[in-house]
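Below is one structure, written out as C-alpha cells, with a few remarks after it.
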Ligand SMILES: Cc1cc2nc3c(=O)[nH]c(=O)nc-3n(C[C@H](O)[C@H](O)[C@H](O)COP(=O)(O)O)c2cc1C
Ligand code: SF4
Ligand code: SF4
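Chains as they are written, first to last, in this note's numbering: chain A, 6 to 373; chain B, 300 to 891.
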C-alpha cells in the first residue's frame with residue numbers, strides 16, 4: 006500500500022495503482038477521453054494531466070503510478086488552461102454537427118466541451134475530410150469524428166481478441182481502419198461502439214431513431230444461456246438501441262446478437278402465441294422454406310396452424326406424447342432444446358425427457 | 300626495391316553515390332592490365348574503406364606508397380589511369396588532384412575515437428578489425444571481468460547516451476544488471492531518423508564490428524542472451540555490412556553459444572525498420588520489433604524493468620555502443636579526460652549547410668561551436684555572414700552568433716534553447732530566413748507524429764498553419780503569442796520526446812530572431828528575401844545596361860524594356876521564380 010495526497014486529501018491505495026485510480030477513490034473527477042478501466046493504459050488524449058511535486062512537467066494521471074508521499078494537484082489555472090487548449094485542438098479537427106449527430110447527449114467530447122464552455126475556438130485550420138464508405142450492415146464509422154483515443158482498437162484486441170482495426174498513417178492523417186482500408190469485416194460485436202466516446206462509431210440501426218427521452222429497461226439477453234445483462238433503450242414503446250452496463254456480470258460486454266439482434270422484437274413474423282397444426286402433415290413438407298422463396302404460391306400459415314392458448318397447447322402436447330409413447334415406446338420420442346434457453350431450462354428439459362418420457366434421445370444445438 | 304602499394308577508395312554511401320565502386324574497379328583494372336607487377340614487382344591491395352567524413356570531396360582516394368600517403372579528391376573513373384601512370388608507375392603524384400590544406404585542417408583538428416577506424420580499415424573483413432585490436436575488449440570483458448566491473452568502468456568513463464537525451468550509459472547498464480530475469484535483451488538503436496543525419500550510418504557502414512563488440516560487452520554486463528540491431532531499411536549497405544559482421548562473428552565464436560570459450564551465450568540479429576522517425580523513440584522501437592505499430596508507450600515501467608516483450612531491456616544508440624570497446628581497452632579515465640566534467644569523450648557531428656567543409660566530424664565535448672564552424676568547417680561558404688547554427692535535427696533549435704563561444708555538451712546546448720540530439724549541425728547564413736527554417740523543421744515533425752496524442756498530432760499542425768500564414772504574408776499580430784502558447788503547451792503536454800521537442804525550432808527562433816517574425820507580420824517583408832510571397836523582384840535602373848538577358852530568361856514574360864535602355868519587371872506578371880536574378884550579370888536585379 007502507498008500513501009499520497011491528492012488536492013490536499015490523504016489517500017491510501019494499493020501498490021501499482023495509477024493516480025487516476027487514487028483520485029477515483031477520493032471521488033475527485035479528472036477528465037479523460039482515452040481511458041477505460043478494463044483496457045491497457047494509453048495516455049493519448051492528455052486531458053488527465055496533473056501536477057506532482059518534484060516534477061517540472063505535468064504527468065498523465067492515467068499512466069503514472071501512485072508513489073509513497075506524492076503530492077498531487079488535479080486542478081489549478083495552469084492545468085485547466087492546458088485542458089482547454091487540448092479540447093480546443095480536438096474540436097478544431099472535428100465536424101461541428103452535434104445538432105444531427107447520433108451521439109449528441111451521449112458523447113464525452115460534447116460533455117467536456119460543454120463543461121469547459123468552449124464556444125469560440127482559437128485554432129482554426131484544416132480538418133480531416135474522409136469519404137464516408139463502409140459497407141457493413143451493423144456499424145457506421147464516421148472517422149471525421151474520431152478523436153483517436155484508441156479505445157476501439159484496444160477493446161477489439163484486448164477484450165474481443167479479434168484485432169480487426171488499428172491505427173494507420175501518421176501525423177494529422179492518422180486514422181483507425183481495417184487492414185488496407187477495406188470495409189469492416191469482423192464479428193460485429195459492436196464492442197468498439199460501446200466504448201467510443203464520440204459519434205465516430207454508432208449502430209447503423211440506431212440512425213435517426215431517436216436519441217432523447219429513452220426509457221431504459223434492464224433485462225437479460227434472450228439469445229443464450231450466458232444471460233448477459235442488457236439495457237433496452239425504448240422510445241414510444243419500441244426498442245431503439247441495446248446497451249449493457251459496466252457493473253454487470255458481463256461487465257458491459259456484448260456480442261453481435263445481443264447488441265444488434267433486437268429487430269425481431271417488433272417483427273410481424275414473431276410468434277407470440279402457441280400454434281397447433283391443423284393441416285395434414287404430407288401437404289406441407291418443406292413448406293417453411295418455400296414460403297420464403299415464393300410466398301404467393303405457399304398456403305397461408307392460417308391454413309396450416311391455428312392459434313391456441315398455452316393451456317390448450319400444453320394439454321395437447323401431453324396427450325400426444327402419451328399416445329406416441331404407448332403406441333411406439335419411449336424411444337420413439339426425441340427432444341431438441343435450444344441454446345437460447347437458460348441453463349436451468351435446458352437442465353429441466355433433459356430431466357423431463359429422461360425421467361418423464363424415459364428416453365435419452367435428447368440434444369441441443371450446442372450439445373448437452 | 301619492392302614497393303608496398305596500398306590504394307584506398309571511399310565506398311561509403313556518399314562515396315558510392317559519387318562513383319566509388321567504379322573508381323575502385325578502374326584501379327583494379329588499371330593496375331593489373333598495365334603489367335605493373337611484371338616490371339616493378341609490386342604488391343597492390345585495393346581495399347574497401349568506409350566513410351571518411353568529408354563527403355564534400357568524394358570520391359576520396361588514398362595512394363600509399365611505402366607508407367607515404369597521398370590523398371586525392373573528387374576522383375572519377377576516367378582519372379584513374381593517369382594516377383596509375385604518373386603516381387604509381389613513376390612516383391610523381393598528380394598534384395592538381397590532391398587534397399589541399401583544408402582537408403588536413405579538417406582532419407587534424409578533430410579527435411577521432413568512434414570514427415578512428417572509419418576510412419582506415421576494411422569494414423567487411425573481421426581480420427582487418429582484429430588487426431587493430433578488435434574484439435580484445437569483448438574478450439577481456441566476457442572472459443575476465445565481472446558485470447559490476449564493466450558497469451563501473453562505463454560509469455566512471457562519464458559516457459552519456461548518444462541517441463540524444465544524454466542519459467548516463469553506466470547508470471542504464473547498472474539498472475539492467477540489477478534486475479533479474481531469465482530473458483533479457485540488448486538493443487542497438489540504429490534508426491537514425493533525423494533528416495540529414497548520417498553519423499550512425501557511417502559507423503554501421505564503416506566500422507560495424509565496433510557496434511557489435513559494444514553490444515557483446517553490454518550483454519555481459521547485464522547478462523543478456525539476446526540482442527537486436529534496429530536499422531532502417533533505407534540503409535541497405537549498413538544492413539549488409541552488419542549482417543556480414545554478425546556472420547563473421549559467429550564463425551569466429553564471438554557470437555552464439557559459449558562465446559570466446561567462456562561459457563557465456565549471446566547472439567543477435569538485425570531488425571529492419573520501415574523508416575518512421577518516431578520508431579527511433581525507444582518504446583516505439585520495441586513495439587516495432589514486437590510486430591506492432593511503432594507508437595511510443597507511456598513510461599509506466601522503465602525499459603530496464605519491462606522493455607521488449609515486457610522483458611528487461613537495455614537500449615543504446617549506435618555511437619554509444621561503438622565507444623564501449625575503446626573505453627574497456629583504454630580505461631575509464633582516458634575517456635572521461637577527453638571530455639568535460641559532465642560528459643566524457645567525443646561526439647560525432649554531421650556538419651552541413653552553408654559551411655565550406657561539410658561532412659562528419661568528431662570532437663571532444665567542450666569544443667566551442669566557433670572552433671567547429673571556423674577551424675574545422677573552414678567558415679562560411681562564399682564569404683557570407685554567419686547567422687545561426689541549427690543543432691539537434693528537427694527537434695533542435697537555432698543558436699545565434701552571440702552564443703558561438705559556448706562549449707558543446709548536452710547542458711550548454713539545452714541552455715541555449717537547442718539540444719544535442721543525435722548531432723546534426725546545419726550552418727545558416729544571412730540568406731536563410733529563420734521563420735522559414737522553423738517552418739521547414741515543423742513540417743517534418745508534424746508529418747512524423749505517430750498521431751497518438753492530441754498536442755503533437757493537432758497542436759503541431761496548427762503551429763505549422765500559423766507559420767504558413769506568417770510566411771505567406773497573412774500573419775496576424777496575435778500570432779506570435781498564440782505560437783508561443785502552443786509551443787509551451789505542446790512541450791509540456793506531449794507523451795513522448797517527439798512532441799516535447801517539436802516546438803524547439805520555433806521557440807529558439809522566436810527567442811533570438813523575433814524581429815524576423817515581426818517583419819513578416821507587420822511589414823509583410825522577409826528580411827532574408829526567402830519567403831516567396833513576400834519578395835519582389837525589381838530592376839535597379841542605374842545598374843541595368845539593357846542587355847536583355849533577364850527578358851530572354853523570364854519564363855513568364857514579365858520583363859519589359861527595349862535594348863540598351865533600363866528594363867522593368869511587371870509585378871503582376873512576375874511568378875517570383877528568380878530566373879532573372881540569376882541571369883543578370885550586372886547585379887541589376889534587386890530581390891527584397
Ligand atoms: C522521436 C524520437 C526519435 C528518436 N530517434 C532516435 C534515433 O534515431 N536514434 C537513436 O539512437 N535514438 C533516438 N531517439 C532516442 C531514443 O529514444 C533513446 O533515448 C536512445 O536511443 C537511447 O540510447 P542512448 O542512451 O545510447 O542515447 C529518439 C527519440 C525520440 C523521442
Ligand atoms: S473510433 Fe471512437 S473509440 Fe475508436 S479511436 Fe476513434 S474516437 Fe476512439
Ligand atoms: S508526442 Fe507525438 S509521436 Fe509522441 S506519442 Fe504523442 S503523438 Fe506520438
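C-beta: ideal position from N, C-alpha, C; glycine also. Owing to the predicted nature of the structure, the values given are computational and were not obtained by experimental measurement.
- In the displayed model, residue 395 of chain B falls within a helix according to three-state DSSP.
- The three-state reading of DSSP puts residue 594 of chain B in coil, since its state is none of H, G, I, E or B.
- Only exposed fits residue 254 of chain A, as fewer than 16 other CB atoms lie within 10 angstroms of its CB.
- Counting the other CB atoms within 10 Å of its CB gives residue 517 of chain B a total of 16 or more, which places it among the buried residues.
- Below the 8 Å Cβ cutoff, chain B contributes no neighbours of residue 148 of chain A, its closest Cβ being approximately 12 Å away.
- Closest option to residue 578 of chain B, judged by alpha-carbon separation, among B:456, B:433, B:513, B:747: B:747.
- Cβ-Cβ separation between residue 452 of chain B and residue 645 of chain B: approximately 17 Å, too far for a contact (criterion under 8 Å).
- Look at residue 386 of chain B here: in three-state DSSP terms it is helix.
- Taking residue 285 of chain A as reference, the option from A:337, A:308, A:159, A:342 with the minimal CA-CA separation is A:308.
- In terms of Cα proximity to residue 82 of chain A, the closest of A:98, A:72, A:63 is A:63.
- Each of B:754, B:752, B:842, B:759 was checked against the Cα of residue 743 of chain B, and the nearest Cα belongs to B:759.
- In the DSSP assignment, residue 781 of chain B falls within the alpha helix (DSSP H) that extends over 778-792.
- The continuous alpha helix (DSSP H) containing residue 505 of chain B extends over residues 498-505.
- When DSSP states are grouped into helix, strand and coil, residue 224 of chain A belongs to the strand group.
- Its Cα nearest to that of residue 20 of chain A, the residue A:73 stands out among A:10, A:73, A:56.
- The DSSP assignment places complete alpha helix (DSSP H) segments of no fewer than 4 residues inside the segment 421-459 of chain B at 425-430, 435-443, 446-456, in order along the chain.
- Shown here is that no member of the segment 702-713 of chain B has a Cβ falling below 9 Å from a Cβ of chain A.
- Ranked by how close their Cα comes to the Cα of residue 576 of chain B, the residues B:709, B:408, B:652, B:495 have B:495 in first place.
- In this structure, ligand 3 has a non-hydrogen atom nearer than 7 Å to the beta-carbon of residue 595 of chain B.
- Placement of the Cβ of residue 491 of chain B at a distance of less than 7 Å from at least one heavy atom of ligand 1 is found.
- Of all alpha-carbon atoms in B:492, B:557, B:482, B:851, the one lying nearest the alpha-carbon of residue 694 of chain B is that of B:492.
- Here DSSP, grouped into helix, strand and coil, assigns residue 693 of chain B to helix.
- Here the alpha carbon of residue 574 of chain B sits roughly 7 Å from the alpha carbon of residue 532 of chain B.
- In the structure shown, the three-state DSSP call for residue 525 of chain B is strand.
- Residue 883 of chain B is outside the set of residues whose beta carbon lies under 8 Å from a beta carbon in chain A.
- Annotation: residue 624 of chain B to residue 448 of chain B spans about 14 Å, alpha carbon to alpha carbon.
- The beta carbons of residue 130 of chain A and residue 813 of chain B sit no closer together than 8 Å.
- Taking 7 Å as the upper bound on Cβ-Cβ separation, chain B lies near residues 54, 62, 63, 65, 68, 70 of the segment 52-76 of chain A.
- The beta carbon of residue 208 of chain A does not come within 8 Å of any beta carbon belonging to chain B, so the residue lies off that interface.
- Within chain B, no residue has its beta carbon less than 8 Å from that of residue 116 of chain A; the closest one is some 17 Å off.
- Taking all protein chains in view, the Cβ of residue 6 of chain A is surrounded by fewer than 16 other Cβ atoms within 10 Å, so the residue is classified as exposed.
- Distance between residue 173 of chain A and residue 180 of chain A, taken at the CA atoms: about 5 Å.
- Within the model, the alpha-carbon separation for residue 786 of chain B versus residue 669 of chain B is close to 29 Å.
- DSSP places residue 649 of chain B in the strand class (E or B) of the three-state scheme.
- Here residue 431 of chain B really is in contact with residue 416 of chain B; their C-beta atoms are around 6 Å apart, less than 8 Å.
- Taking C-alpha positions only, residue 332 of chain B is separated from residue 421 of chain B by approximately 24 Å.
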